[in-house]
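Chemist: Attaching a single structure in structure tokens format; questions to follow.
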Amino acid sequence: MSEHLSLSAQARTPNQPKGHQLRKTGRVPGVYYTASREVKYVSFDQIELARLLRKETTVLDLKLDGSTLPCVIREVQRHPVFGSLVHVDLFGVDLSKSIRVHVPVRAVGVPYGVKLQNGVLDVVVYEVEVECLPDAMPSHIDLDVTELKVGDAIRLEDIKIDGVTVHGELHAVIVHVSGKKAEVGDAVPGDTPTEVEVIREKKPVEDK
């Protein structure tokens, strides 16, 4: 089993104190859902939580009431103006059972078609859904695009990771290199960019 980062939490009563009052004390409210989906209201030290979120982590060990609980971070809410931490949701996992999660995709390198053919690298999909055991979950997926020429693409079916199953339309394009760069002001008939909504950290809702 891989080594997990740890995060300490304290139990709290929902809405006592209110979220904004709790944050004034240097703590961030959160909710921990156990593997059986029991709800536990918790809070975290703001500095410790911020440091952990700057690291690449998949499964972490939650230290709560003398127990060590493996879990994954599912949602981080930040202040829409200041970017400060507002609320965090964590889901407990059973390390012996597969889970399905969305993992970010990163294009690595400069494509041949961009360097030598005046093409453009288009990233169509920014995250993919995978299924695996918690300890096999990648923090991200790197796609080497250096050999791509104009017209080439990497599709979902091209992603191969031991112990990880990728879900979705296997022929779907993840990244591709399109033709010659258009001059500023040029319109390309029928070339409408795909809109992709990627939600990594949501804006705050009500205090919990």
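Residue numbers (this note's numbering): 75 to 282.
Glycine included, each C-beta is placed from N, C-alpha and C at the ideal position.
(1) Arginine 101: buried (16+ other C-beta within 10 angstroms of its C-beta) or exposed?
(2) Mapping the DSSP letters down to three states, classify glycine 93 as helix, strand or coil.
(3) Proline 185 and leucine 222: beta carbons closer than 8 Å?
(4) Would you report the Cα separation of aspartate 168 and proline 144, rounded to the nearest angstrom?
(5) Pull up the CB-CB distance for aspartate 216 and arginine 180, whole angstroms please, since I reckon it's below 8 Å.
(6) Starting from arginine 111, trace the alpha helix (DSSP H) both ways and give me its first and last residue.
(7) Secondary structure at alanine 85, three-state DSSP: helix, strand or coil?
(8) I'd like the span of the alpha helix (DSSP H) that includes valine 188, first residue to last.
(9) Quick check: what's the CA-CA separation for glutamate 112 versus isoleucine 248?
(10) Under a Cβ-count criterion, where at least 16 other Cβ atoms within 10 Å of its own Cβ denotes burial, should glycine 225 be classed as buried or exposed?
(11) In whole angstroms, what is the alpha-carbon distance linking lysine 234 and histidine 241?
(12) Rounded to a whole number of angstroms, what is the C-alpha to C-alpha distance between proline 212 and lysine 92?
(13) Name the two residues that bound the continuous beta strand (DSSP E) containing glutamate 122.
(14) Decide if serine 117 is buried, meaning its Cβ has at least 16 other Cβ atoms within 10 Å, or exposed.
(15) Can you tell me where the beta strand (DSSP E) holding histidine 161 begins and where it ends?
(16) Over what stretch of residues does the beta strand (DSSP E) that includes glutamate 149 continue unbroken?
(17) Report the partner residues of threonine 99 according to the DSSP bridge assignment.
(18) According to the neighbour-count rule (16 or more other Cβ atoms, all chains shown, within 10 Å of its Cβ), is alanine 85 buried or exposed?
(19) What three-state label does DSSP hand alanine 227 in the structure shown?
(20) Going by the DSSP bridge assignment, what does glycine 104 pair with across the sheet?
Modeler: Let's see:
(1) Within the sequence shown, residue 101 is the residue found at index 27, counting from 1. Looking at its Cβ environment, which holds 16 or more other Cβ atoms inside 10 Å, arginine 101 is buried.
(2) Against the sequence shown, residue 93 aligns to sequence position 19. If DSSP states are grouped into helix, strand and coil, glycine 93 belongs with the helices.
(3) The count along the sequence shown starts at 1 and reaches residue 185 at position 111. The count along the sequence shown starts at 1 and reaches residue 222 at position 148. For proline 185 and leucine 222, yes; Cβs fall inside 8 Å.
(4) Locating residue 168 in the sequence shown gives position 94, where the first residue counts as 1. Locating residue 144 in the sequence shown gives position 70, where the first residue counts as 1. So the alpha carbons of these two residues sit roughly 7 Å apart.
(5) Within the sequence shown, residue 216 is the residue found at index 142, counting from 1. Within the sequence shown, residue 180 is the residue found at index 106, counting from 1. Contact holds; Cβ gap of about 5 Å.
(6) Here residue 111 refers to the residue found at position 37 when the sequence shown is read from its first residue. Premise fails: arginine 111 is in no alpha helix (DSSP H) and is neither H nor E.
(7) As a position in the sequence shown, residue 85 is number 11, starting the count at 1. Strand.
(8) Here residue 188 corresponds to residue number 114 of the sequence shown, with the count starting at 1. That run of the alpha helix (DSSP H) goes 186 to 189.
(9) Along the sequence shown, read from residue 1 onward, the residue named residue 112 stands at position 38. Along the sequence shown, read from residue 1 onward, the residue named residue 248 stands at position 174. Looking at the two C-alpha atoms, the distance is approximately 36 Å.
(10) For the purposes of this step, residue 225 is identified with residue 151 of the sequence shown, where counting begins at 1. Exposed, because fewer than 16 other Cβ atoms sit within 10 Å of the Cβ of glycine 225.
(11) Position 160 of the sequence shown, counting from 1, holds the residue named residue 234. Position 167 of the sequence shown, counting from 1, holds the residue named residue 241. One C-alpha to the other measures close to 12 Å.
(12) Within the sequence shown, the letter at position 138 stands for residue 212. Within the sequence shown, the letter at position 18 stands for residue 92. If I take the Cα positions, the gap works out to 35 Å.
(13) In the sequence shown, counting from the first residue as 1, residue 122 sits at position 48. Glutamate 122 -> not in any beta strand (DSSP E); alpha helix (DSSP H) instead, spanning 120 to 127.
(14) Within the sequence shown, numbered from 1, the residue matching residue 117 stands at position 43. Buried, by the Cβ-count rule.
(15) For this step, residue 161 is matched to residue 87 along the sequence shown. 159 to 166 is the span of the beta strand (DSSP E), which, as asked, contains histidine 161.
(16) As a working note, residue 149 is residue 75 in the sequence shown. Its beta strand (DSSP E) spans residues 141 to 152.
(17) For the purposes of this step, residue 99 is taken as residue 25 along the sequence shown, with counting starting at 1. For threonine 99, which the question treats as bridged, DSSP gives no partner whatsoever.
(18) What you label residue 85 is simply residue 11 of the sequence shown in a count that begins at 1. Classification of alanine 85: exposed, given that the 10 Å Cβ count is below 16.
(19) The sequence position of residue 227 within the sequence shown is 153, counting from 1. The answer is strand: DSSP assigns alanine 227 an E or B state.
(20) Within the sequence shown, numbered from 1, the residue matching residue 104 stands at position 30. Answer by DSSP bridge pairing, in chain order: Val116 and Val162.
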